[in-house]
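Chemist: Under this note's numbering, the first residue of the sequence shown carries the number 2, and numbering increases by one thereafter.
By construction, the Cβ of each residue, glycine as well, lies at the ideal position given by its N, Cα and C atoms.
Can you read through this structure? Questions will come right after.
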Amino acid sequence: MKFIKRHISLIFPLVAILLGLEFFIVFDRTTDSYEKSLSSNYSIMVVANDEMSIDDFKELDNHILGVKELPKPKALDIIYNTKNKNLDIAIPNFYEIKLDNLLGIKALAKVKDNLLESKSIKRIETFRSTYKSQYELFTFIKFSFGTFIFFMSVIGFFLIVKQMEVWNFMHAQRMKVMEIFGASLFLRSKVLISMAVVDAIISSILTSSMFVSLQNMWISDTQMEILKEHVSDVFLFSDFFILLFASIVVVLIAVFLVVINVKAE
């Protein structure tokens, strides 16, 4: 029972860190596709006095991905809500511009300024208010989620360090004897390292199992379309090795900090 309690004290905070890491990885995967969707659905309308090609637009700004010329009757419907064919000849050319990615507000304003440098372009409509609300909500969610995971990981790491201090205290006498006989720092810490690595492997397996269960059971029944569309991205086999590597690095750093601190004292 003592053995289980001793290891749970390390496994629990380590699993918390790995859960945060995997949630961040999954969130980044799903939001990346959502970000691409926002970018592909967004377009800028340009009114030009002269006919312009995609090369003309790309010379003005390198964020231009594609250009589509709008038929004049369609442009009239959009802007004037009319089908007056007498205006067909008089009005200028209308273009729908696609960008290469989801730009920030300042970057979008820079694109507009670059396009307006052309004497052929008469007017640009970026639909800034709608774009700004979507972009700021998207970035706020990403920032909030990342901040929460960061602080959760910091707290988990300090709990791991505290558990390492307990283990170090339990093996202090044995380590002191080994130091007297000239054992290296690695040999003196070998027991701590071995226990920590075993717990890191167990934590990685537990975290992976949770996400596999989440992927196969809960997400298949959820009504959240963004998750159902990317159910295969919730957990990849390569994620296990990422979690394993991260957990081993965390526990080794914790062991190193504890052992060095004890030696300094």
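Thinking C-alpha only, which one of 210, 241, 116, 194 is nearest residue 11?
Modeler: The option with the nearest alpha carbon to residue 11 is 194.
Chemist: Beta-carbon within less than 7 Å of residue 1's beta-carbon, same chain only, minus the 5 sequence neighbours each way: which residues are those?
Modeler: This structure cannot speak to residue 1, because the chain is shown only from 2 to 266.
Chemist: Under 8 Å, do residue 200 and residue 15 count as touching if we go by C-beta distance?
Modeler: For residue 200 and residue 15, yes; Cβs fall inside 8 Å.
Chemist: In this structure, how does DSSP classify residue 211 when only helix, strand and coil are distinguished?
Modeler: In the structure shown, residue 211 sits in a helix (DSSP, three-state: H, G or I).
Chemist: Please state the DSSP three-state secondary structure of residue 96.
Modeler: In the structure shown, residue 96 sits in a strand (DSSP, three-state: E or B).
Chemist: Since residue 169 and residue 259 are thought to touch, with beta carbons under 8 Å apart, how far apart are those beta carbons, to the nearest angstrom?
Modeler: With 8 Å as the limit, residue 169 and residue 259 qualify as a contact, their Cβ atoms being about 5 Å apart.
Chemist: Where does residue 70 fall in DSSP's three states?
Modeler: Residue state, collapsed to three classes: strand.
Chemist: Going by alpha carbons, who is nearest to residue 55 out of 253, 95, 210?
Modeler: Looking at the Cα atoms, 95 is the closest of the given residues.
Chemist: Assuming contact is defined by CB atoms lying nearer than 8 Å, are residue 24 and residue 206 in contact in what I supplied?
Modeler: Their beta carbons are not under 8 Å apart, which means residue 24 does not touch residue 206 by this criterion.
Chemist: Taking the C-alpha atoms as reference points, what is the distance between residue 156 and residue 137?
Modeler: Cα-Cα distance, rounded: 29 Å.
Chemist: Can you list, in chain order, the residues of its chain whose CB lies under 8 Å from that of residue 247, leaving out five sequence neighbours each side?
Modeler: These residues qualify, in order along the chain: 18, 19, 22.
Chemist: What is the rounded straight-line gap between the Cα of residue 190 and the Cα of residue 32?
Modeler: For residue 190 and residue 32, the distance between alpha carbons rounds to 42 Å.
Chemist: Of the choices 161, 66, 28, whose alpha-carbon is the least far from that of residue 103?
Modeler: The option with the nearest alpha carbon to residue 103 is 66.
Chemist: Using the C-alpha atoms, what's the distance from residue 98 back to residue 147?
Modeler: The alpha-carbon atoms of residue 147 and residue 98 are separated by roughly 32 Å.
Chemist: What is the C-beta distance between residue 123 and residue 49, in whole angstroms, given that I count them as a contact (C-beta under 8 Å)?
Modeler: Contact holds; Cβ gap of about 6 Å.
Chemist: Would you say residue 121 touches the ligand ADP, meaning its beta carbon is less than 7 Å from a heavy atom?
Modeler: Absence of the ligand ADP from the depicted structure is noted, as is the absence of any ligand whatsoever, leaving it without description.
Chemist: By DSSP's criteria, residue 46 is part of a beta bridge. Which residues make up the other side?
Modeler: 97, 126, per the DSSP bridge assignment.
Chemist: Skipping 5 residues on each side, what residues in its chain have a beta carbon closer than 8 Å to that of residue 240?
Modeler: Once the five neighbours on either side are set aside, the close Cβ partners of residue 240 are 23, 26, 209, 212.
Chemist: How would you label residue 159, buried or exposed, when you count the other beta carbons within 10 angstroms and need 16 or more for buried?
Modeler: Its Cβ having fewer than 16 others within 10 Å, residue 159 is exposed.
Chemist: Got a sec? Which residues, its chain only, sit under 6 Å from residue 115 by beta carbon, not counting five neighbours each side?
Modeler: The answer, listed in chain order, is 61, 62.
Chemist: Can you tell me where the alpha helix (DSSP H) with residue 114 in it begins and where it stops?
Modeler: Run containing residue 114: 106–117, per the alpha helix (DSSP H) assignment.
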